[in-house]
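Following: one structure in structure tokens, then a few remarks.
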Amino acid sequence: MSSNGIRDQVAIVGMGCTPFGERWDKSVNDLLVDAAKDTIESAGVTLDDIDAYWLGTMTSGVSGVALSKPLKIDYKPVSRVENFCATGSEAFRNACYAVASGAYDLAMAIGVEKLKDSGFSGLTGIRPVGDGTDAALSSPAAFSFVAPAYAHRYGVDAEEMKQVMSRIAWKNHRNGALNPRAQFRKEVSLETITKSPRVAGDLGVFDCSGVSDGSAAAIICRAEDAHRYTDNPLYVKALSFVAGPGGGASDPEYDYTTFPEVVRSAEDAYRQAGITDPRAQLAMAEVHDCFTPTELVLMEDLGFSERGLGWKDVMAGVFDLDGDLPVNPDGGLKSFGHPIGASGLRMLFECWLQLRHEAPPERQVATVGPGRNLGMTHNLGGAPGECVSFVSIVGPELSD
Amino acid sequence: MTGNERTGILAWGMYLPYWRLQRAAIGATLGGPAGRGTRAVASYDEDTTTMGVEAARRALRALRGSPPDDLYFATPAPTYLDKTNATAIHAAVELPEWSGAYDLLGSVRSSVAALRAAQTQAASGGTRSLAVVADLRTGLAGGPEERDSGDGAAAFVFGPGSTDNPIAAELVAHAAVSSEFLDRWRIPGDADSQVWEERFGQEVYVPLVEAAAAEAWRRAGVVAADIDYLVLAGLHVRGVQAAGKSLGTRPEATVADRSAVVGNLGAAQAGMLLADALEQAAPGDLIAVVVVADGADVSVFRATDAITEVQSGRAALGMSTVADSVGAGRDDLPYARFLTWRGGLRREPPRRPDPERAGAPATWRVTPWKSGFTASDCRACGFRHLPPSRVCLRCRTIDEMDPVRMADAVGRVATFTVDHLAFSPSPPVVGAVVDFEGGGRYRCEMTDVDPERLAIGSQVEMTFRVLSTAKGIHNYFWKARPVGTLTDGSGDERNGDA
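Respectively, the protein sequence lines represent chains P and L. Mapping of the first sequence onto the working numbering: position 133 corresponds to residue 187, and the numbering continues sequentially without gaps. Mapping of the second sequence onto the working numbering: position 407 corresponds to residue 438, and the numbering continues sequentially without gaps.
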């Protein structure tokens with residue numbers, strides 16, 4: 055029983071990402087075509103060259119036909135996958151494994167979600183016919199348990215906690231302001247964030263990620279073939295995915311200050327990639343900032359900060375664009391919104407830009423350089439105590 | 032009918048909702064005269080079934096030994112037609128599967144039928160029977176019905192006495208007269224009742240009550256002056272009051288109707304006042320219950336020598352009295368919210384999907400959990416699962432679980448949140464993670480709660496409510512509420528732990 059990993063066995067050789075936002079002008083199919091078109095151009099291939107597809111979407115389509123029809127795919131395997139907020143990453147993970155197995159030479163992972171057409175605020179679920187016993191709590195409410203629990207455990211007073219949360223939103227909006235693909239491209243003042251109307255618990259509107267439409271995609275080949283397509287591939291160092299027993303809501307020992315699933319998937323990914331000091335070895339991380347307290351706890355669960363000290367690192371600017379370890383340099387879910395199926399691949403797209411020095415100069419992180427060039431993407435899906443977690447690590451060089 | 036010496040009332044329970052509406056709030060909003068006093072208001076997540084469950088739980092709390100064999104539920108405001116409502120109460124208080132559960136629907140008088148059915152069943156079969164009466168009174172905005180009525184429920188267990196459960200009061204006599212005339216009526220589906228001119232009803236009712244009472248006194252072998260507690264109930268207030276004065280009972284015998292605080296509880300009024308009388312009566316006292324509705328029913332009960340023991344037993348359990356319940360509650364319900372709850376004010380819904388309807392098979396499969404709030408305990412390691420699980424969260428043992436009812440457990444708030452986004456007929460939703468005494472944690476909605484006064488560590492108990500209503504399906508489940516909300520923090524605390 056072990057997660058063996060496929061370090062350096064496959065490479066990303068092309069990526070594309072649509073602008074995210076209220077894309078009233080684009081259908082799901084349009085978004086898929088846009089992302090796929092950019093991605094094949096990026097890799098210098100045609101759709102005919104792709105041997106298999108993985109489509110990630112939670113609510114915007116079912117079955118492989120949701121992709122094969124808009125792209126007019128000629129009788130190739132298309133798998134549609136779903137795994138909560140890690141849906142896009144799940145498409146990527148499966149495409150990587152298919153290529154690593156030798157079953158296919160070239161695979162595409164593509165994610166899409168169209169949330170704005172529903173007309174609702176926030177996310178809407180997809181549930182089978184239920185027994186009616188689930189509490190009607192919204193996603194912000196489920197995550198709002200985290201902030202007071204963290205503050206209580208580590209002796210952070212309520213006002214200070216609010217400042218920490220606001221600073222995370224401020225940082226991600228500041229990064230997003232520099233990103234033409236982001237849904238929100240304006241800096242937001244700390245005061246505006248702190249005073250925004252409450253959605254649930256201590257979470258204000260600006261502590262929550264937005265709701266948007268978008269699509270992103272990647273093309274994967276065996277590592278040894280990578281240079282046929284690009285001079286600057288990204289090699290996959292680690293892919294870890296875990297689903298937990300979901301007992302947090304019924305376990306009196308769970309205290310809402312950590313996501314055990316994230317801890318496990320990070321440990322697994324670091325082991326696959328040979329990472330022992332993530333804060334020093336990673337050059338950047340794209341993490342699942344669905345709500346500001348989530349990003350705070352992730353800094354500890356992912357091993358970037360000591361337990362109970364993440365809030366101090368946040369306030370010290372450690373995770374800023376020019377900090378020791380830039381986190382969400384593209385602006386994160388905060389600036390992009392969270393089209394479920396697309397988010398994981400959107401994060402990967404930022405690694406694609408940053409690690410290959412293709413990010414615009416005003417956003418290019420200085421931490422990427424010789425000897426330090428690994429990037430992480432991380433998704434969390436579900437709610438505290440009952441979630442899935444995905445971690446990938448990618449880098450531009452093969453390991454020794 | 033003659034009372035059977037061997038059976039009678041063993042236990043009772045009364046439920047009044049948390050909320051009171053100040054009558055002055057109606058006038059302040061609608062521009063009418065400022066009324067005085069308050070009325071009891073069922074919350075947005077309550078109906079006659081849930082209030083019936085709460086009353087039944089209280090009655091059964093005072094009962095030892097075997098559960099009742101039959102359940103008779105009366106209400107003029109049923110949640111369902113065609114489908115029996117009593118089965119939801121039966122499931123929530125976990126009566127045995129083989130017991131009967133029946134509705135008696137339609138009018139205030141149905142409540143008399145429920146009590147008589149339970150009494151008669153107990154007397155003839157020597158078994159325990161549970162009668163539950165509940166009402167949720169509606170009325171047009173600004174009208175007397177809305178202002179003067181109230182919501183609540185009561186429950187009584189009839190059966191043979193035993194050492195553990197002596198009879199508190201036995202039925203000595205009952206007499207009824209019936210009369211077909213238009214006092215009050217409602218077409219099924221209408222939200223509000225219609226009434227004929229009050230003086231007409233008074234003219235008809237007074238002689239009916241006098242006749243029924245005279246026959247009841249004769250059958251009981253008593254005279255009016257012997258009655259120690261006179262319970263007068265009925266929605267025709269003028270008729271009830273006039274009849275009461277004409278019976279020749281001692282003036283001080285009349286049990287205060289509490290309507291200034293809770294309103295006229297309709298079908299539950301007689302039950303509440305009978306419970307009130309039982310909580311005050313001394314051995315040998317005679318309690319006459321007069322229900323004025325489409326005729327008149329007069330029942331005469333005699334408190335037994337054991338009533339003092341029954342009363343002190345209830346006090347030892349920390350059970351609230353009717354007087355406690357009437358005096359508790361929160362009386363600052365805004366009239367606009369009251370109207371919204373009753374469907375009188377159409378409000379902008381949140382931009383969120385409507386709740387999904389609960390599926391019948393999915394619901395049925397989890398009846399012990401959904402209706403009885405029954406968790407599972409792992410036999411191997413003792414870990415308690417809410418909801419019940421087949422695989423143990425702690426030790427992963429499979430299918431080695433024992434059911435454990437958690438509906439009557441108290442817990443403490445581990446953490447909570449106020450959710451402004453979730454759909455609710457009365458936002459915001461308050462969600463809490465509750466750690467139960469004796470083990471087990473559950474994340475649920477809260478009700479009857481002021482989030483400003485809620486804190487980590489607050490003590491809570493579970494209450495049976497309507498979680499949501501979708502496509503005509505009322506989704507019943509349990510919510511947590513602060514202990515003490517119905518008793519001003521003094522009466523209903525358990526485990527000596529306030």
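Glycine included, C-beta positions come from ideal geometry on N, C-alpha and C. Bear in mind the structure is a predicted one, so any value in this text is a computation, not a measurement.
Practice problem: Between the Cα of T494 of chain L and those of L:R89, L:T110, L:E228, spot the shortest distance and give me the residue it belongs to. | Solution: Along the second sequence, one-based indexing puts residue 494 of chain L at 463. For T494 of chain L, the nearest C-alpha among the options comes from L:R89.
Practice problem: Could you have a look at Y46 of chain L and say whether DSSP puts it in helix, strand or coil? | Solution: Taking the first residue of the second sequence as position 1, residue 46 of chain L is located at position 15. Three-state DSSP puts Y46 of chain L in a strand.
Self-check item: 7 Å Cβ cut-off: residues of chain P touching S455 of chain L
Solution: As a first step, residue 455 of chain L must be located in the second sequence, where it is residue number 424. A190, listed in chain order.
Quiz item: Does the Cβ of D528 of chain L have 16 or more other Cβ atoms within 10 Å, making it buried, or fewer, making it exposed?
Solution: Numbered from its first residue, the second sequence carries residue 528 of chain L at position 497. Since pLDDT at D528 of chain L reaches only 33, below the 50 mark, its modelled position is unreliable, and the value read off the structure follows with that caveat. Exposed, because fewer than 16 other Cβ atoms sit within 10 Å of the Cβ of D528 of chain L.
Self-check item: Beta-carbon spacing of D159 of chain P, L424 of chain L below 8 Å
Solution: By 1-based counting over the first sequence, the position of residue 159 of chain P is 105. By 1-based counting over the second sequence, the position of residue 424 of chain L is 393. Their beta carbons are not under 8 Å apart, which means D159 of chain P does not touch L424 of chain L by this criterion.
Quiz item: Hey, out of L:D433, L:H451, L:P482, L:D481, whose CA is closest to P251 of chain P's CA?
Solution: Along the first sequence, one-based indexing puts residue 251 of chain P at 197. The shortest Cα separation from P251 of chain P among L:D433, L:H451, L:P482, L:D481 belongs to L:H451.
Exercise. Report yes or no: is there a C-beta of chain L within less than 8 Å of the C-beta of D267 of chain P?
Key: As a first step, residue 267 of chain P is located in the first sequence; it is residue number 213 there, counting from the start. No, D267 of chain P does not count as interfacial toward chain L.
Quiz prompt | Reduced DSSP category for Y260 of chain L - H, G, I as helix; E, B as strand; rest coil | solution = Start at 1 with the first residue of the second sequence, and residue 260 of chain L comes out as number 229. Strand.
Quiz item: Taking contact to mean at least 3 C-beta pairs separated by less than 8 Å, is the segment 132-150 of chain P in contact with the segment 353-368 of chain P?
Solution: no
Quiz item: Taking DSSP as the reference, what is the three-state secondary structure of T149 of chain L?
Solution: Within the second sequence, numbered from 1, the residue matching residue 149 of chain L stands at position 118. Sequence check: residue 149 of chain L is Ala here, not Thr. A149 of chain L: helix per DSSP, three-state reduction.
Quiz item: Would G435 of chain P count as contacting chain L if we go by Cβ distances under 8 Å?
Solution: Position 381 of the first sequence, counted from the start, is the residue given in the question as residue 435 of chain P. No, because no Cβ of chain L sits closer than 8 Å to the Cβ of G435 of chain P.
Self-check item: Cutoff 8 Å: S114 of chain P Cβ touching any chain L Cβ
Solution: For the purposes of this step, residue 114 of chain P is identified with residue 60 of the first sequence, where counting begins at 1. So no, S114 of chain P is outside the interface.
Quiz item: Are the C-beta atoms of D185 of chain P and some chain L residue less than 8 Å apart?
Solution: Residue 185 of chain P sits at position 131 when you count from the first residue of the first sequence. Closer than 8 Å: yes.
Practice problem: Return the bridge partner residues of V444 of chain L from the DSSP annotation. | Solution: Translated into the one-based positions of the second sequence, residue 444 of chain L becomes position 413. In DSSP, V444 of chain L forms a bridge with L:V465.
Practice problem: Output, in sequence order along the chain, the residues in the segment 397-410 of chain L whose CB is closer than 8 Å to any CB in chain P. | Solution: V397, W400, K401
Quiz item: What is the DSSP secondary structure of H121 of chain L, counted as helix, strand or coil?
Solution: As a working note, residue 121 of chain L is residue 90 in the second sequence. DSSP places H121 of chain L in helix when its eight states are reduced to three.
Self-check item: Other residues of its chain near R333 of chain P: CB distance less than 6 Å, five sequence neighbours each side excluded
Solution: Stepping through the first sequence from its first residue, residue 333 of chain P is reached at position 279. Within the same chain, R333 of chain P has close Cβ partners F358, L379.
Self-check item: CB contact flag (N233 of chain P, G110 of chain P, <8 Å)
Solution: For the purposes of this step, residue 233 of chain P is taken as the residue at position 179 of the first sequence. For the purposes of this step, residue 110 of chain P is taken as the residue at position 56 of the first sequence. No, Cβ-Cβ distance for N233 of chain P and G110 of chain P is not below 8 Å.
Quiz item: Quick one, are the C-beta atoms of R568 of chain L and M432 of chain L less than 8 Å apart?
Solution: With chain L represented from 32 up to 529, any question about residue 568 of chain L goes unanswered, as that position is not in the structure.
Quiz item: Which runs of the alpha helix (DSSP H) fall wholly inside the segment 164-250 of chain P and span at least 4 residues, in chain order?
Solution: Contiguous alpha helix (DSSP H) elements confined to the segment 164-250 of chain P occur at 193-198, 200-208, 212-230, 244-248, taking only those with 4 or more residues.
Quiz item: Got a sec: is the Cβ-Cβ distance from P414 of chain P to anything in chain L below 8 Å?
Solution: Locating residue 414 of chain P in the first sequence gives position 360, counting from the first residue. Put simply, the CB of P414 of chain P is far from chain L, with every gap to its CB atoms at 8 Å or more.
Quiz prompt | Contact set between D433 of chain L and chain P, taken where Cβ atoms lie within less than 9 Å | solution = As a first step, residue 433 of chain L must be located in the second sequence, where it is residue number 402. Close to D433 of chain L, with beta-carbon spacing below 9 Å, lies no residue of chain P; the smallest spacing is near 16 Å.
Practice problem: Indicate whether at least one CB of chain P lies closer than 8 Å to the CB of C475 of chain L. | Solution: Taking the first residue of the second sequence as 1, we reach residue 475 of chain L at position 444. Answer yes: the Cβ-Cβ gap between C475 of chain L and chain P drops below 8 Å somewhere.
Quiz prompt | Meets three-Cβ-pair contact criterion under 8 Å: the segment 302-320 of chain P and the segment 278-290 of chain P | solution = Contact between the segment 302-320 of chain P and the segment 278-290 of chain P is absent, because fewer than three Cβ pairs lie under 8 Å.
Quiz item: In or out: C441 of chain P buried (at least 16 other Cβ within 10 Å) or exposed?
Solution: Along the first sequence, one-based indexing puts residue 441 of chain P at 387. Buried, by the Cβ-count rule.
Quiz item: Quick one: which chain L residues come within Cβ less than 7 Å of R252 of chain P?
Solution: Here the question's residue 252 of chain P lines up with position 198 in the first sequence. Here the neighbours are H451.
Quiz item: So, helix, strand or coil for C423 of chain L, using DSSP?
Solution: As a working mapping, residue 423 of chain L is identified with position 392 in the second sequence. C423 of chain L falls in the coil class under three-state DSSP.
Exercise. Could you please give the first and the last residue of the uninterrupted alpha helix (DSSP H) stretch that includes M18 of chain L?
Key: This structure gives no information on residue 18 of chain L, because the portion of chain L shown stretches from 32 to 529.
Self-check item: Run of the beta strand (DSSP E) containing V445 of chain P, from where it starts to where it stops
Solution: Locating residue 445 of chain P in the first sequence gives position 391, where the first residue counts as 1. Residue range 440-449 is occupied by the beta strand (DSSP E) that includes V445 of chain P.
Quiz item: In three-state terms, what does DSSP make of F345 of chain P?
Solution: Position 291 of the first sequence holds residue 345 of chain P. Note: F345 of chain P maps to strand in three-state DSSP.
Quiz item: Can the beta-carbon of V166 of chain P be found less than 8 Å from the beta-carbon of P393 of chain P?
Solution: Locating residue 166 of chain P in the first sequence gives position 112, counting from the first residue. Locating residue 393 of chain P in the first sequence gives position 339, counting from the first residue. Yes. Within cutoff.
Quiz item: Where do the N-terminal and C-terminal ends of the beta strand (DSSP E) with D433 of chain L fall, by residue?
Solution: If you number the second sequence from 1, residue 433 of chain L lands on position 402. From DSSP, the beta strand (DSSP E) with D433 of chain L extends over 432-436.
Quiz prompt | Selection of the segment 104-120 of chain L by Cβ proximity to chain P, strictly under 9 Å | solution = Of all residues in the segment 104-120 of chain L, none has a Cβ within less than 9 Å of some Cβ in chain P.
Quiz item: P238 of chain L: which of L:S455, L:W216, L:R443, L:A207 sits nearest, CA to CA?
Solution: Within the second sequence, numbered from 1, the residue matching residue 238 of chain L stands at position 207. Minimum Cα distance to P238 of chain L is reached at L:A207.
Quiz prompt | Where R436 of chain L meets chain P, residues with beta-carbon distance less than 9 Å | solution = For the purposes of this step, residue 436 of chain L is identified with residue 405 of the second sequence, where counting begins at 1. Residues of chain P whose Cβ lies closer than 9 Å to the Cβ of R436 of chain L do not exist, since the nearest Cβ in that chain is about 15 Å away.
Quiz item: Can you name the start and end residues of the alpha helix (DSSP H) that A97 of chain P belongs to?
Solution: What you label residue 97 of chain P is simply residue 43 of the first sequence in a count that begins at 1. 82-97 is the extent of the alpha helix (DSSP H) around A97 of chain P.
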